[in-house]
Structures are given as structure tokens and as C-alpha cells.
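First residue of the sequence shown? That's 97 in this note's numbering, and the numbers climb one at a time after it.
Before any comments, here is the structure.
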Amino acid sequence: MRRARSLVTVLSAGAVAVGLASSLGSCARTTDTFKPRITISNADGAASRARSFVVDGYVLDDTGVTQITVDGTPIPILPGSRKLARFQFKTLIQGSTGKYTITAQDAAGNRSTVILPVTVDAQRPAISVTRFERSGTLIRVTGTARDNTRVVQMLVDGNQINITPGREVEFYAETTGIWADLEAVDAAGNRVTLRAR
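So, in C-alpha cells, the structure goes:
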């Protein structure tokens, strides 16, 4: 009987040792090598008509962002999840161009940096009509919109048409009426209108 008891005790101690080893093995610490990813929400906002405007963005991280700085100065992280940390800051550009260095750090000390160039652009785009045809009430208009930085939007009679943004954008549209009201918008929000007839 004594031998049986000691055998049970040995088996029980062995099972505890194996269970403890497997528990400790699952608690092994993994190294966080995921760097925070910085995204600027209003990328076109990097060009503005004003010297001061708000830049919006967010930082994505698997463990959570602990700090965001702009040019080395910490800025507040907006309320919400630290894994999707939202931020914003106001620019103040001296001259016509500038840049901001945005850095994010997570709990493991991983860091990422993005350099955001900014431009003050007060120049409006220009529209030129190369062809205008009318057939009854149907109007076909073809032309080009140009800008010193980038045309990002083209509208005909208030309706946005498909374009590929760029410094020079060709467009074609059909509308109805007596004339066609054209509008071009650049990356800074400058607008120009033209009535084609």
C-alpha cells in the first residue's frame, strides 16, 4: 500500500510539473516589432489658400500609441482607441512653403515618422473650352483645366465628372440646356467658373 501511495504522489507531482511548464511556455513574451502607421486624412489639405489650416490624421498600431509629436512637440491624442489614435494640429506657415515632421511612438518604443510638405496656394485654376456643340437641348463640351499645383475636381452644371487629378486635366461632358456652367477646383480649394455657350 505504501508503494502505491508514493507512486500516485510521484505521478501527481509529474503532472503538475508538466502542466506548469506548458503554462509558462504559453506566457512567453513576444516582441512587438510593428511600427505605428501614420496617415494624413486630408492629404490635399497640405495645400491651402491660408497660411494656417487644420491637418487631420490617425496612427494605427497593434498595441496602442503612447505619443504623437509634431516637430518634436507632443500633441494631444483625440479621445477614442489608442490602436487607432486620431490627431489634429494647426499649421502656421511662414512664406509659401513649409514642412511638418510627424512622429508616433507605441508602448514598445517603436517609432514612425512622416514628413508632410505644405504649400500656400492662392492661385486659381484656369479653364479653356476647346469644343462646344449643341444639338437641340443636348450640349457636348470638351476642354482643359490647368493649375500651378493640381486640379482635383471638375464640375459641369454642378455635377462632378470623372477626371485624373493633375496640373493639366482634359475633360468631356454632356449636359442639357442653353449653356454649360463649368467649375474647376484645385488641391488648395481655389475655384474658377466659366459659362460655355
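We put the CB at the ideal spot given by N, CA and C, even for glycine.
- In terms of CA proximity to GLN184, ILE173 leads the group ILE173, THR193, ARG178, ALA292.
- Rounded to the nearest angstrom, the Cβ distance from PRO213 to ALA142 is 6 Å, consistent with a contact under 8 Å.
- Rounded to the nearest angstrom, the gap between the Cα atoms of LYS131 and ILE235 is 53 Å.
- In this structure LEU278 is buried. Its beta-carbon is surrounded by 16 or more other beta-carbon atoms within 10 angstroms.
- Between THR209 and THR199, the C-beta spacing is below 8 Å.
- The stretch 229-243 and the stretch 167-181 do not touch, with fewer than 3 CB-CB distances between them shorter than 8 Å.
- Taking ARG227 as the centre and dropping the five residues before and after it, the same chain places the C-beta of ARG236, VAL237, THR238, GLY239 closer than 8 Å to its C-beta, in chain order.
- Note on geometry: alpha-carbon atoms of ALA222 and ILE136 lie some 28 Å from one another.
- In this model, ALA181 and ASP202 are separated by some 10 Å (Cα to Cα).
- Excluding residues up to 5 positions away in sequence, GLY160, VAL161 lie with their Cβ nearer than 7 Å to the Cβ of ARG178 in the same chain.
- With a 10 Å radius around the Cβ and a threshold of 16 neighbouring Cβ atoms, ASP167 comes out exposed.
- ASN138 and GLY194 have their C-alpha atoms some 16 Å from each other.
- DSSP places ASP217 outside any beta strand (DSSP E), giving it a letter other than H or E.
- The shortest CA-to-CA distance from ARG263 to any of MET250, ARG133, GLU229 is the one to MET250.
- If you look at LYS195, you'll find it in the beta strand (DSSP E) that goes 193-202.
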